[in-house]
Each structure stands twice: as structure tokens, then as C-alpha cells.
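Asks: Just dropping this structure here.
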Amino acid sequence: MKAGKHVDARAVLGRLLAGQKLGVLATREPRSPYLSLVAFAVSRDLRHVYFATEVDTRKHANLIRFPDVSMLFDNRRNAAADFDRGIAVTALGRAGEVKARSRKEVLGLYLRKHPTLEGFVKSPSCRIFQVRVKTYILVTQFQQVLKIQA
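Mind the numbering: the sequence shown is residues 1195 to 1344 in the numbering used here, read in order.
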């Protein structure tokens, strides 16, 4: 994306989230932030981001205790071009376990993106969470910042 060009931020956001499989989840512990790499899927309207976690993890305990989270998604390739073509998105929102009535639909969406994780997400100790996104912050060209309400 060149400077000065109009950017369809929602389209850029949608393409990035559709094209990436992993994101970074930031949760809170009593004295510090805690980061986790998660496989994710996103709702068509971009209002919800879904991920799975085992019950017996720090991540799960943090989500239950402090449900306000942020997530980072990016397209970096660890190359010099990342400074011009790199896109990073921060999603700010509140996490909660997916309700039983929505679980089948969410699981289908998640497994279409991550079919190799079926055994993991269907295990009795795994929980599916959703982040109800309030705001996305889209950064392009390393410094062009746009705020998108979900």
C-alpha cells in the first residue's frame, strides 16, 4: 500500500485475518501481561475471534480471572520488505467461553481453518473461547494507523 492512497481498512483487515492462521493473545496476570501463540478463526462480520485452549493452562486461568484481552495479527516474513508492506492489527476486546448453543457452529468455522486441530479441540479438557472485539487498530507501512470499530 502506497502512502496517500485510500485504504479500505475493513478489506485489508478481512484479508489479513483470513490469510493468517496464528495470532498472539495477550492476557493479564496479577502482576504482568502474559502472551500466548494461538490458532484462531474469525467470524464473517469480524466481530468475534475464536481460539482454543486447554483448561489446565495459565492462559485459561488468566482468561477466567481477567477477561479483557488484546490480540496481535500480522503478515511479517522477517524480511526488509516488512517495513513497507507489513501489516499489523491489534484487536481489543473481552474474552469468554463459547456457549453450548453456539459451540457446533463455531467449531465448524474453526475446523475449516484448522482441520489438523480436530483432536485437540474435541478433547474434553479443551475450551473454545471467543473475543468480542470492540476495536481493531490497523498499522500499515510501519506507521500508518487506522482505528476500526468492530
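We put the CB at the ideal spot given by N, CA and C, even for glycine.
These numbers come from a predicted model, not from an experiment.
1) Tell me which same chain residues have a C-beta within less than 6 Å of the C-beta of D1262, skipping the five on either side of it?
2) With 16 as the cutoff for other CB atoms within 10 Å, does G1302 come out buried or exposed?
3) Work out the CA separation of V1249 and A1322 for me, nearest whole Å.
4) Kindly indicate the opening and closing residues of the alpha helix (DSSP H) around L1210.
5) Check K1316 in the structure and name its three-state DSSP category.
6) Return the CA-CA distance between V1339 and I1331, expressed in angstroms with no decimal places.
7) Go ahead and pull the three-state DSSP assignment for Y1304.
8) Taking the alpha-carbon positions, what's the V1232 to A1255 distance?
9) Who does A1233 pair with in a DSSP beta bridge?
10) For the alpha helix (DSSP H) holding R1259, just list the boundary residues, first then last.
11) Within a Cβ cutoff of 8 Å, which residues of the same chain sit near L1305, ignoring the five residues on either side of it in sequence?
12) If you count every other CB in all the chains shown that lies within 10 Å of the CB of V1267, and 16 or more means buried, which is it?
Replies: From the atom records:
1) Taking the sequence shown and counting its residues from 1, the one referred to as residue 1262 is at position 68. The answer, listed in chain order, is R1288.
2) Translated into positions along the sequence shown, residue 1302 becomes position 108. By the neighbour-count rule (16 or more Cβ atoms within 10 Å), G1302 is not buried but exposed.
3) Stepping through the sequence shown from its first residue, residue 1322 is reached at position 128. Stepping through the sequence shown from its first residue, residue 1249 is reached at position 55. For the record, residue 1322 in the displayed sequence is Ile; it is not Ala. Going from the Cα of I1322 to the Cα of V1249 covers about 10 Å.
4) Sequence index remark: in the sequence shown, residue 1210 carries index 16 (1-based). Per DSSP, L1210 belongs to the alpha helix (DSSP H) from 1203 to 1213.
5) Against the sequence shown, residue 1316 aligns to sequence position 122. Reduced to three states, the DSSP call for K1316 is coil.
6) As a first step, residue 1339 is located in the sequence shown; it is residue number 145 there, counting from the start. As a first step, residue 1331 is located in the sequence shown; it is residue number 137 there, counting from the start. Taking the straight line joining both Cα atoms gives about 7 Å.
7) Here residue 1304 refers to the residue found at position 110 when the sequence shown is read from its first residue. It is helical.
8) Along the sequence shown, one-based indexing puts residue 1232 at 38. Along the sequence shown, one-based indexing puts residue 1255 at 61. Looking at the two C-alpha atoms, the distance is approximately 15 Å.
9) Translated into the one-based positions of the sequence shown, residue 1233 becomes position 39. Note: A1233 sits in a beta bridge opposite L1216.
10) The residue labelled residue 1259 in the question sits at position 65 within the sequence shown. Start and end: 1252 to 1259.
11) Counting from 1 along the sequence shown, the entry for residue 1305 is found at position 111. Cβ within range, chain order: L1311, E1312, V1315.
12) As a working mapping, residue 1267 is identified with position 73 in the sequence shown. Checking the sequence shown, residue 1267 turns out to be Phe, not Val. Counting Cβ neighbours within 10 Å, F1267 comes out buried, since at least 16 surround it.
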